[in-house]
Amino acid sequence: MNRYTYQKVELSENTLASHVDYAGQEAVRQVRELARSLKGLRVLHINSTSYGGGVAELLASIVPLMRNAGIDAHWQVMSGLPSAFFNVTKKIHNTLQGSPDNLSGQDWQLYDDTDRALARSLLDSATSSETDAWDIVIMHDPQPLAVLSFLELEQPGAARRFARHWVWRCHIDLSTPNPDTWARIWPLVNLYDGVIVTHPAYARQEITPPLFEITPSIDPTSPKNSVMSAPRAEAIVRQFGIDTSRPLLVQVSRFDPWKDPFGVVDAYRLVKAKRPQVQLAMVGSIASDDPEGIAILNRLKIAAGDDGDIHLLSNDDGVHATEVAAFQQHADVVIQKSTREGFGLTITEAMWKGKPVVAGDAVGCRLQITDGEDGFITQSTEECARRVLQLLDDAQLQSSMGIRARSTVRQRFLSTEHVARYLRLFAAYIK
């Protein structure tokens with residue numbers, strides 16, 4: 001019996017009607033209109049985890065909204081996989097974002113063996129009836145990417161019996177991939193009927209299937225993004241040892257080298273040299289498909305040393321959606337010092353709360369922030385610290401930028417627009 005399989009994710013309710021107050025009546029009407037000709041379309045999303053990290057958070061919002069619009073949308077996660085597989089896929093992730101550390105032959109063998117087993121699991125679950133096939137299957141990121149190739153190797157024609165159309169959704173910053181990893185990956189990508197990227201800069205010239213640009217989003221109805229009173233946010237933050245009478249810098253992200261967490265600590269220390277009262281909270285989740293996160297968190301604890309004003313917090317400390325929202329709401333300045341970023345959901349979350357973000361000069365950050373208008377894009381630790389100090393010293397600038405930041409999110413980065421873009425993609429294939 002194949003121990004590698006897929007597990008259906010149970011979905012919470014999410015209705016288009018609940019988004020009207022945030023996105024506006026016209027945005028919701030547009031989604032319903034786009035869905036009208038797609039009623040009953042069978043769509044399956046597959047990724048590696050249902051918790052911790054941006055992809056899971058996106059799917060938890062948009063799949064129920066697709067269902068509410070009349071799409072027969074489902075979400076499954078890869079199940080029963082060894083931790084060693086996620087060590088390998090993290091290496092793939094890092095090298096696709098430009099890390100020079102190549103994967104070994106043993107790494108690639110484990111990746112291939114696992115996705116081959118997952119392909120067999122799909123074959124075991126498939127029926128021979130064409131009417132039971134999925135209309136569209138969307139594979140998210142590198143973890144399940146090779147499954148399609150192994151479906152055809154195991155049983156020619158099986159892929160089309162399982163689904164009429166296969167689409168790969170890449171959430172990664174592909175602007176400067178490691179050439180060796182990309183050489184292994186792009187032939188797998190080109191087996192798909194379509195590829196979704198977040199930004200045109202990620203559209204590598206080797207990709208031959210039709211390309212679609214879909215920007216991620218936040219769900220304004222979720223606990224993390226709902227309105228929270230200042231007293232409540234303050235009370236929650238205080239529970240984690242924060243002195244709420246003093247300035248607070250916050251970075252919310254995975255503990256990931258591409259988020260430049262050590263650069264954040266360095267920037268904080270430059271700020272603290274001029275504003276001794278400042279505190280730093282680095283808030284992140286340890287995801288089940290990210291074994292690297294624990295190691296980085298431990299290294300950060302060493303880097304923090306005996307500085308009691310550096311607070312390193314994760315879901316293991318009881319920090320979940322509501323707590324993250326409280327930290328973003330209470331922060332004096334939010335930082336996202338990414339060196340690579342497909343799209344920073346935490347940037348959009350903070351902007352929605354009226355917080356200008358001081359971000360790194362990554363493609364995904366530039367996609368979200370207009371430098372000097374609704375936040376700052378910085379190219380060095382020193383510039384990051386300088387912009388943080390500028391916001392700390394100018395409450396009027398902080399307020400005006402925050403108002404523009406929220407407006408940017410409302411216009412471009414809410415779930416309704418995200419779903420609308422998917423529906424346009426579906427319509428392109430059904431036609």
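429 is the number that this note's numbering gives to position 429 of the sequence shown; each next residue is one higher, with no gaps.
Quick reminder that beta carbons are idealized off the backbone N, C-alpha and C, glycines included.
Inset, instruction - Under 8 Å by Cβ, that's how I've got Y51 and A230 pegged, so tell me the actual separation to the nearest angstrom. - result: Numbered from its first residue, the sequence shown carries residue 51 at position 51. Numbered from its first residue, the sequence shown carries residue 230 at position 230. With a Cβ gap of about 29 Å, Y51 and A230 do not count as contacting.
Inset, instruction - Report yes if the CB atom of L438 is closer than 7 Å to the CB atom of I71, and no otherwise. - result: The structure shown does not extend to residue 438, since the chain is modelled only from 1 through 431, so no value can be given for it.
Inset, instruction - Return the bridge partner residues of I377 from the DSSP annotation. - result: By one-based count along the sequence shown, residue 377 stands at place 377. According to DSSP, which records beta bridges pairwise, I377 is partnered with A359.
Legend entry - Residue range of the unbroken alpha helix (DSSP H) whose run includes N298: Counting from one through the sequence shown, the residue named residue 298 turns up at place 298. Run containing N298: E292 to A304, per the alpha helix (DSSP H) assignment.
Inset, instruction - Apply the 10 Å Cβ neighbour rule to R29 and answer buried if 16 or more other Cβ atoms are within range, or exposed otherwise. - result: Taking the sequence shown and counting its residues from 1, one reaches residue 29 at position 29. Exposed is the call here.
Legend entry - Start-end ranges of the alpha helix (DSSP H) lying completely within the stretch 160-219, minimum 4 residues: 179-189
Inset, instruction - Could you check what DSSP says for K8 in three-state terms: helix, strand or coil? - result: Within the sequence shown, numbered from 1, the residue matching residue 8 stands at position 8. In this structure, K8 counts as strand in the three-state DSSP scheme.
Legend entry - Three-way DSSP call (helix, strand, coil) for S128 in this model: Numbered from 1 along the sequence shown, position 128 holds the residue referred to as residue 128. Reliability of the predicted coordinates at S128 is poor, the pLDDT of 47 falling under 50, and no value is obtained from them.
Inset, instruction - Indicate whether the contact test is met: 3 or more Cβ pairs, each with one atom in the stretch 304-318 and one in the stretch 269-289, closer than 8 Å. - result: yes
Legend entry - Where the beta strand (DSSP E) through W75 begins and ends: As a working note, residue 75 is residue 75 in the sequence shown. Note, W75: beta strand (DSSP E), D72 to S79.
Legend entry - Beta-carbon proximity list for F376, same chain, < 6 Å, skipping 5 on both sides: If you number the sequence shown from 1, residue 376 lands on position 376. Hits under 6 Å: V358 and R387.
Inset, instruction - Put L248 into one of helix, strand or coil per three-state DSSP. - result: Here residue 248 refers to the residue found at position 248 when the sequence shown is read from its first residue. Three-state result, L248: strand.
Inset, instruction - Spatial neighbours of K8 within its chain, please: CB distance less than 8 Å, with the 5 preceding and 5 following residues excluded, ordered by chain position. - result: Position 8 of the sequence shown, counting from 1, holds the residue named residue 8. Here the set comprises H74, W75 and Q76.
Legend entry - C-alpha gap between N68 and T95, whole angstroms: In the sequence shown, counting from the first residue as 1, residue 68 sits at position 68. In the sequence shown, counting from the first residue as 1, residue 95 sits at position 95. Roughly 38 Å separates the two Cα atoms.
Legend entry - Segment contact flag, the stretch 179-192 with the stretch 386-405, C-beta cutoff 8 Å, min 3 pairs: no
Legend entry - Alpha-carbon spacing of P179 relative to I296, whole angstroms: Working through the sequence shown from its first residue, we reach residue 179 at position 179. Working through the sequence shown from its first residue, we reach residue 296 at position 296. Spanning the two alpha carbons is a distance of roughly 25 Å.
Legend entry - Option nearest R116 by Cα separation, candidates A23, Q239 and R3: Translated into the one-based positions of the sequence shown, residue 116 becomes position 116. For R116, the nearest C-alpha among the options comes from R3.
Legend entry - Nearest candidate by alpha-carbon position, reference S226, set W258, S18, L11 and G372: Within the sequence shown, residue 226 is the residue found at index 226, counting from 1. Answer by Cα proximity: S18.
Inset, instruction - State the DSSP-derived secondary structure class of R32, mapped to helix, strand or coil. - result: Residue 32 sits at position 32 when you count from the first residue of the sequence shown. Residue state, collapsed to three classes: helix.
Legend entry - Inter-stretch contact at 8 Å, needing at least 3 Cβ pairs: the stretch 329-339 / the stretch 193-212: no
Inset, instruction - With DSSP collapsed to three states, give me the class of M66. - result: The residue given as residue 66 occupies position 66 in the sequence shown. Here M66 sits in helix by DSSP.
Inset, instruction - Grab the span of the alpha helix (DSSP H) containing S83 for me, first residue to last. - result: Taking the sequence shown and counting its residues from 1, one reaches residue 83 at position 83. Start and end: S83 to L96.
Legend entry - Stretch-stretch touch, CB-based, cutoff 8 Å, three pairs: the stretch 244-263 with the stretch 216-225: no
Legend entry - Presumed contact (8 Å Cβ cut-off) between L123 and Q155, rounded CB distance: Residue numbering aside, residue 123 sits at position 123 when the sequence shown is read from its first letter. Residue numbering aside, residue 155 sits at position 155 when the sequence shown is read from its first letter. Contact holds; Cβ gap of about 6 Å.
Inset, instruction - Pull up the distance between the alpha-carbon of A428 and that of Q143, whole angstroms please. - result: Taking the first residue of the sequence shown as position 1, residue 428 is located at position 428. Taking the first residue of the sequence shown as position 1, residue 143 is located at position 143. Cα-Cα distance, rounded: 26 Å.
Legend entry - For Q336, three-class secondary structure by DSSP: To locate residue 336, count along the sequence shown from 1; it is residue 336. Here Q336 sits in strand by DSSP.
Inset, instruction - Counting only the same chain and skipping the five closest in sequence on each side, list residues whose C-beta sits under 7 Å from that of G241. - result: Counting from 1 along the sequence shown, the entry for residue 241 is found at position 241. The answer, listed in chain order, is H311.
Inset, instruction - Could you please give the first and the last residue of the uninterrupted alpha helix (DSSP H) stretch that includes L397? - result: Taking the first residue of the sequence shown as 1, we reach residue 397 at position 397. Counting along the chain, the alpha helix (DSSP H) containing L397 begins and ends at A395 to R412.
Legend entry - Pick from Q368, G360 and P261 that is closest to W352, judged by C-alpha positions: Within the sequence shown, numbered from 1, the residue matching residue 352 stands at position 352. Among Q368, G360 and P261, the Cα nearest to that of W352 belongs to Q368.
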